[in-house]
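So the sequence lines, in the order shown, correspond to chains P and G. Using our numbering, you'd call the opening residue of the first sequence number 9 and step up by one each time. Using our numbering, you'd call the opening residue of the second sequence number 9 and step up by one each time.
There are 2 protein chains.
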Amino acid sequence: MPTLAQEDFEMTPTEKRALRLIVDQALDASKDKNRNGIVAAIVSGEDIVGIAENEVNAFSDPTKHAEMVVIAAVTQSLDRKQLEECTLISSLQPCEMCLSAMRFAGIRRLIFCARQESVDPKYFVFPKLRIRDFQRAGEPFAYISGVLENELLHLYMDGDE
Amino acid sequence: MPTLAQEDFEMTPTEKRALRLIVDQALDASKDKNRNGIVAAIVSGEDIVGIAENEVNAFSDPTKHAEMVVIAAVTQSLDRKQLEECTLISSLQPCEMCLSAMRFAGIRRLIFCARQESVDPKYFVFPKLRIRDFQRAGEPFAYISGVLENELLHLYMDGDE
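Here it is in structure tokens:
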């Protein structure tokens with residue numbers, strides 16, 4: 009069966025469960041005009057240790073991407089800056105800011121649904137640099153992309169999630 | 009007189025005043041083991057609209073770089089996501105995360121003191137990409153780098169600010 013996914017590793021059952029949760033929450037949030045339909049989670053072993061929505065419009069704050077909110081929440085609640093055993097999961101490909109935050113948190117394992125090449129350009133600020141460029145530019149990380157993309161693409165194609 | 013600075017534009021009197029403030033605050037913060045000696049400010053016209061310190065250690069949160077904290081504070085307090093008329097000023101070259109946040113906030117004018125090539129590598133996560141690569145990879149922004157670097161370099165050379 010053909011697949012959209014780029015797969016650097018195999019997903020664990022907990023990662024699959026988190027993925028289902030964030031896709032459903034993103035679809036749900038997109039129906040509410042006060043929320044943004046972008047959701048991220050952090051998985052540690054068999055635990056989903058955090059789930060957060062994009063809060064950019066809620067706070068008029070461009071730094072409040074879902075991945076930033078969940079990394080901040082989990083590191084603060086665990087009182088440690090490094091989440092090196094964790095996986096970051098997002099309904100939309102992490103932008104350059106979120107990808108950097110992921111690496112500052114020591115995370116090396118990433119799963120996301122909608123890919124940059126499928127969505128509105130507004131979600132990225134350095135579009136000539138792609139995720140493979142970042143992957144080659146620092147310490148290694150692995151990712152799975154495009155999984156369940158078809159369920160969410162209508163949210164991100166026109167940037168009106 | 010030789011200068012370390014790369015200068016894309018001329019600083020305004022308010023930008024110079026903000027720069028002096030953040031350098032002094034960074035030197036002050038570095039003497040306190042509970043604070044990080046990295047400080048950022050945002051200038052709008054003749055006003056310094058925000059100053060913030062790095063709060064990574066204070067909150068065990070790797071997203072709390074000084075630039076992130078000040079962009080979040082100013083956008084939230086002004087209740088607008090775009091600061092397109094503003095200048096971001098930092099005591100240390102903004103990392104990849106902060107540079108992206110700057111552009112998501114619409115800021116196109118940047119001034120910083122200590123440059124990447126002069127400081128500990130730990131402040132950056134994609135070291136093969138330099139600021140000129142980011143400058144070529146998206147919408148234009150201009151910067152002044154290396155100004156007052158000599159006053160602060162001892163804080164960042166060994167990453168123990």
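We put the CB at the ideal spot given by N, CA and C, even for glycine.
- Look at residue 126 of chain P here: in three-state DSSP terms it is helix.
- Residue pairing of residue 151 of chain P in beta bridges, as defined by DSSP: P:118.
- Listed in chain order, the non-local C-beta contacts of residue 78 of chain P below 6 Å within the same chain comprise 48, 50, 58 and 60, local neighbours out to five positions each way being set aside.
- Under the Cβ criterion of 8 Å, residue 64 of chain G is counted among the residues facing chain P.
- Within the same chain, and ignoring the five residues on either side of residue 33 of chain P in sequence, the residues whose Cβ sits closer than 6 Å to its Cβ are 47.
- The Cβ of residue 111 of chain P sits closer than 8 Å to at least one Cβ of chain G.
- Exposed is the label assigned to residue 36 of chain G, since fewer than 16 other Cβ atoms lie within 10 Å of its Cβ.
- Under the 8 Å Cβ criterion, the segment 64 to 75 of chain G counts as touching the segment 100 to 111 of chain G, having at least three qualifying pairs.
- Taking C-beta atoms as the reference points, residue 151 of chain P and residue 100 of chain P fail to come closer than 8 Å.
- Look at residue 169 of chain P: its C-beta is not under 8 Å from any C-beta on chain G.
- Within the same chain, 37, 61, 62, 64, 65 and 169 come within 7 Å of residue 44 of chain P by CB-CB distance, once the 5 residues on both sides are set aside.
- Rounded to whole angstroms, residue 22 of chain P and residue 155 of chain G show a C-alpha spacing of 49 Å.
- Distance from the CA atom of residue 84 of chain G to the CA atom of residue 52 of chain G, rounded to whole angstroms, is 15 Å.
- Take residue 116 of chain G, set aside five residues on each side of it, and the residues of its chain with a beta-carbon closer than 6 Å to its own are 149, in chain order.
- Neighbourhood of residue 57 of chain G in chain P, by CB distance below 9 Å: empty, with the nearest CB roughly 14 Å away.
- Runs of alpha helix (DSSP H) with 4 or more residues, each lying fully within the segment 32 to 111 of chain P, are found at 64 to 67 and 74 to 86, listed in chain order.
- Taking 8 Å as the upper bound for CB-CB distance, residue 114 of chain G and residue 91 of chain G are in contact here, some 6 Å apart.
- Here DSSP, grouped into helix, strand and coil, assigns residue 15 of chain G to strand.
- DSSP places residue 24 of chain P in the helix class (H, G or I) of the three-state scheme.
- For residue 136 of chain G, the chain P residues whose C-beta falls within less than 8 Å of its own C-beta are 144, 145 and 146, listed in chain order.
- Within chain G, the residues 105, 108, 109 and 112 have their CB atoms less than 7 Å from the CB of residue 105 of chain P, given in chain order.
- Proximity to residue 125 of chain P across P:111, P:166 and P:145 peaks at P:166, based on C-alpha coordinates.
- Counting other Cβ atoms within 10 Å of its Cβ, residue 75 of chain P reaches 16 or more and is therefore classed as buried.
- Between residue 27 of chain P and residue 119 of chain P, the C-beta gap is smaller than 8 Å, which places the two residues in contact.
- For residue 32 of chain G, no Cβ of chain P is located within less than 8 Å of the residue's own Cβ.
- Burial is judged here by how many other beta carbons sit within 10 angstroms of a residue's own beta carbon; residue 111 of chain G has at least 16 and is buried.
- With respect to residue 146 of chain G, residue 24 of chain P sits apart: the two C-beta atoms are not nearer than 8 Å.
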